[in-house]
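Structure first, then comments.
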Amino acid sequence: MNVLIDAGNLQKTYGEGESKTEALKKVSIKVRAGEFVAIIGPSGSGKSTLMNILGCLDRPDSGNYLFENRDIGKLSDIELAKIRNRKIGFVFQAFNLLARTSALKNVELPLIYSGVKQDERNTRAMQVLEDVNLSDKLKSTPAQLSGGQQQRVAIARALINNPLVIFADEPTGNLDTKSSNEIMEIFKKLNEKGRTIVMITHEKDIAQRAARIITMRDGQITSDKKNLHKKRNITQV
Amino acid sequence: MDITEILNLAFEAIKVNKLRSALTALGIIIGVASVILLVSLGAGLRNYITSEFEKLGSNVLFVLPGRVGFGGRGPGGATVNKLSLEHVKRIERKVKNLVGVVPTIQQFTTVKYQNKVQKDVTLIGTTQLFAEIVNLPAVRGDFFDKSQVDSGKKVAVIGQTIVNEVFATKDPIGEKIDVKGQKYQVIGVLRAQGSTFGVDQDNAVIIPFTAAQRQFGTNQVNNIYAKAQTQTNVEEVAKLMKKVLLEDLSEDDFSVLTAKQTLSTIQAILGVISSTLAGIAAISLLVGGIGISNIMLVSVTERTREIGLRKAVGARPTDVLLQFLFEAIILSVLGGIIGLILASIGAWVASRFIPALITPWSVLIAFGFSVLVGVVFGVAPAIRAARLTPIEALRHE
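From first to last, the protein sequence lines are chains A and B.
Taking the working numbering, the leading residue of the first sequence gets 154, the next gets one more, and so forth.
Taking the working numbering, the leading residue of the second sequence gets 27, the next gets one more, and so forth.
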């Protein structure tokens, strides 16, 4: 399979003087199209920083990053915005839905920035909401939805532009076990259909659902293994 | 991403925060409404005064007792009135290019007819030329003539208000009215003039100068009215009149005014007053603009995560910038439109009591100013929003 993400010697430092922290110390990582990767590590291990850089939300201080064979370091902010819009879907721990805005409108959001017209936005948003089993919640605002439902809206939003890869940052961090399982099941199905998924978590149990587990500590990758004991079944509650 | 989409986003954000948006726009509403209303009142008043003076005719001159003008004492008031019939005669003799010159004696009085009483009537004693000089003919019956003035005949020409209040449907011509205990025969009705500065100009009685002199036992003249033959020589005639009067009187005893001069003086005063008021109103517009800026800054801070999310899903810095800028502009333009509507209603209501005129340029200026306020005060918060990096914005608590 093609290499989708190819990053070498990524370095990132935050703060100055006393509070200076090296978030990433020469991290290299490759992800092929269609992989399901979990990045696990304690807080402060640099996993979020790595994901922000891979997701084109942030730039490394040094190192090189090829996304789909394009050198991200040479692209302008506007071009990065376009890549995030067309090629990448994000799922956040806190869902990050627009308050007082319907599920449908939330899901449409990325399409607004792709220049898609209202009618088509509507049709496509309804389609992806159906894919995450929320056809009956189109008009609901985040406040009217459960945590699990909100995260499904967020996944629908990540999927709307049919991205190459989904970056999920602690997608189950704010959810109960049942909802977590639902979310993980959706990710599993998406991956089975060929979608690349890179997921950050600090829960070993959740990481076990991925085919490849990368462990980070103190800004470095300490292990990178195939998950041979990949859980096939959903844990019964 | 096209402009209409960004406009939609801005409109939606405004709709989501209805109360806050309404309160923010209120500052602009009040500012725009007060600027337009005050300017329209000023413009209305100027138009009205100009038309009043045009009715009088622009080649009319007045002589008032005392010194009139900036820094001087007012007419009448503390000064002793030294104008007399002698001065009228001097002017008649020595000033050429005059259509005529008339003295007036003016008093407020009460007029009675049978059991009807009409108060606060302006009584004017003058000569037959008065009708022509101030352009106030009799529309029914006749104005008195020279022989009636010379003989001091007790005749009166009355205003429309007196006809309505005292005679009602009865024909007043030939009836006798009682003016301070003396009977005057009504021989004519004056053309209706309406009211000026709330004073009913038709609540007047005009009698021959000689009859007034006799009744009030005075040799004084309150005002002298004159009319130049052409508009062009009004100033020259005024100078000449002044020179003639100075032969007998000192500078402080009288003032010669032309209608044009008086008009331009009043207009200048009104101009200063109305632009001062509009300036004060403009300050409230400025305060409204600061209100917009304040709310937009709060909004940017409050919606930092939203901005981060928008950037994460592909919004470019300019998309974010324009969204927030449009929000500010929409708020101020909506405020401007509502303010304009309120000012129109206000001017319409006011025009029943005082003249008010909404001028196109006051609307344009106030409206343009409100858009400008939106841009100027919206741009700083919008730039702030656009510069946020997606990471920081997403992490914001």
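Where is the CB? At the ideal position from N, CA and C, for every residue including glycine.
Just so it is clear, the structure is predicted and the values come from calculations on it, not from any experiment.
Listed by chain order, chain A residues near residue i by CB distance under 7 Å
{"i": "residue 42 of chain B", "result": "253"}
{"i": "residue 342 of chain B", "result": "231, 234"}
{"i": "residue 31 of chain B", "result": "265"}
Local Cβ density within 10 Å of residue i, reported as buried at 16 or more and exposed below that
{"i": "residue 103 of chain B", "result": "Any answer about residue 103 of chain B is weak, because its pLDDT of 49 lies below 50 and its placement is not dependable; what the coordinates show is given next. Residue 103 of chain B should be labelled exposed."}
{"i": "residue 98 of chain B", "result": "Reliability fails at residue 98 of chain B, whose pLDDT of 46 lies under 50, so the model's placement of it is uncertain and the value that follows must be treated cautiously. So residue 98 of chain B ends up on the exposed side."}
{"i": "residue 173 of chain B", "result": "exposed"}
{"i": "residue 305 of chain A", "result": "buried"}
{"i": "residue 228 of chain B", "result": "buried"}
{"i": "residue 188 of chain A", "result": "buried"}
{"i": "residue 257 of chain B", "result": "exposed"}
{"i": "residue 100 of chain B", "result": "Low per-residue confidence applies at residue 100 of chain B: pLDDT is 47, beneath 50, and the placement is therefore not dependable, though the value from the model is reported in the following sentence. Label assigned to residue 100 of chain B: exposed."}
{"i": "residue 353 of chain B", "result": "buried"}
{"i": "residue 342 of chain B", "result": "buried"}
{"i": "residue 381 of chain A", "result": "exposed"}
{"i": "residue 61 of chain B", "result": "buried"}
{"i": "residue 386 of chain B", "result": "exposed"}
{"i": "residue 96 of chain B", "result": "A caution first: residue 96 of chain B carries a pLDDT of 48, below 50, which makes its placement in the model too unreliable to give a value."}
{"i": "residue 326 of chain B", "result": "buried"}
{"i": "residue 251 of chain B", "result": "buried"}
{"i": "residue 224 of chain A", "result": "exposed"}
{"i": "residue 112 of chain B", "result": "exposed"}
{"i": "residue 310 of chain A", "result": "buried"}
{"i": "residue 161 of chain A", "result": "exposed"}
{"i": "residue 163 of chain B", "result": "exposed"}
Within chain B, partners of residue i - CB distance below 9 Å
{"i": "residue 327 of chain A", "result": "By Cβ distance, chain B contributes nothing, its closest Cβ being about 14 Å from residue 327 of chain A, past 9 Å."}
{"i": "residue 249 of chain A", "result": "331, 332, 334, 335, 338, 420"}
Host beta strand (DSSP E) of residue i (start-end)
{"i": "residue 158 of chain A", "result": "156 to 167"}
{"i": "residue 90 of chain B", "result": "86 to 91"}
{"i": "residue 242 of chain A", "result": "241 to 244"}
Host alpha helix (DSSP H) of residue i (start-end)
{"i": "residue 344 of chain B", "result": "343 to 376"}
{"i": "residue 281 of chain A", "result": "271 to 284"}
{"i": "residue 263 of chain A", "result": "256 to 265"}
{"i": "residue 392 of chain B", "result": "386 to 413"}
{"i": "residue 29 of chain B", "result": "29 to 42"}
{"i": "residue 420 of chain B", "result": "416 to 421"}
{"i": "residue 108 of chain B", "result": "Element bounds for residue 108 of chain B: n/a, residue is neither H nor E."}
{"i": "residue 83 of chain B", "result": "First-last for residue 83 of chain B: undefined, no H or E at that position."}
{"i": "residue 330 of chain B", "result": "330 to 338"}
Closer than 8 Å at the beta carbon, the chain A residues around residue i
{"i": "residue 46 of chain B", "result": "Under the 8 Å cutoff, chain A gives no residues; its nearest Cβ is about 12 Å from residue 46 of chain B."}
Chain B contact residues for residue i, given Cβ-Cβ distances below 8 Å
{"i": "residue 205 of chain A", "result": "417"}
{"i": "residue 243 of chain A", "result": "338, 339"}
heavy atom of the ligand HEM below 8 Å from residue i C-beta
{"i": "residue 317 of chain A", "result": "Questions concerning the ligand HEM fall outside what the structure shown contains, since it holds no ligand whatsoever."}
(request) Can you check the segment 304 to 380 of chain A for any beta strand (DSSP E) of at least 3 residues that lies completely inside it and give the ranges in chain order? (result) Annotation: the segment 304 to 380 of chain A contains the following complete segments of the beta strand (DSSP E) (minimum length 3 residues), in chain order: 318 to 322, 349 to 354, 365 to 370, 373 to 379.
(request) With 8 Å as the limit, tell me which residues of the segment 312 to 334 of chain B have their beta carbon closer than that to any beta carbon of chain A; keep them in chain order. (result) Taking 8 Å as the Cβ-Cβ cut-off against chain A, the residues of the segment 312 to 334 of chain B that qualify are 331, 332, 334.
(request) Output the residue ranges of the beta strand (DSSP E) runs that lie fully inside the segment 121 to 208 of chain B and measure 3 residues or longer, sorted by chain position. (result) Complete beta strand (DSSP E) runs here, min 3: 124 to 139, 142 to 152, 164 to 167, 181 to 184, 202 to 205.
(request) Taking a Cβ distance cut-off of 8 Å, strictly less, list which residues of the segment 261 to 285 of chain A are near chain B, in chain order. (result) Per Cβ criterion, the list reads 262, 263, 265, 266, 267, 268.
(message) By the 8 Å beta-carbon criterion, what residues does the segment 209 to 237 of chain A contribute toward chain B?
(response) Going along the segment 209 to 237 of chain A in chain order, one finds 210, 211, 230, 231, 234, 235, 237 with a Cβ nearer than 8 Å to chain B.
(request) Note down, one range per segment and in chain order, each beta strand (DSSP E) of at least 3 residues found wholly within the segment 171 to 227 of chain A. (result) Taken in chain order, the whole beta strand (DSSP E) runs of length 3 or more contained in the segment 171 to 227 of chain A are 174 to 185, 189 to 193, 215 to 220.
(request) Ignoring anything shorter than 3 residues or poking outside the segment 232 to 315 of chain B, list the beta strand (DSSP E) runs there in chain order. (result) Taken in chain order, the complete beta strand (DSSP E) segments of 3 residues or longer contained in the segment 232 to 315 of chain B are 249 to 254, 280 to 284.
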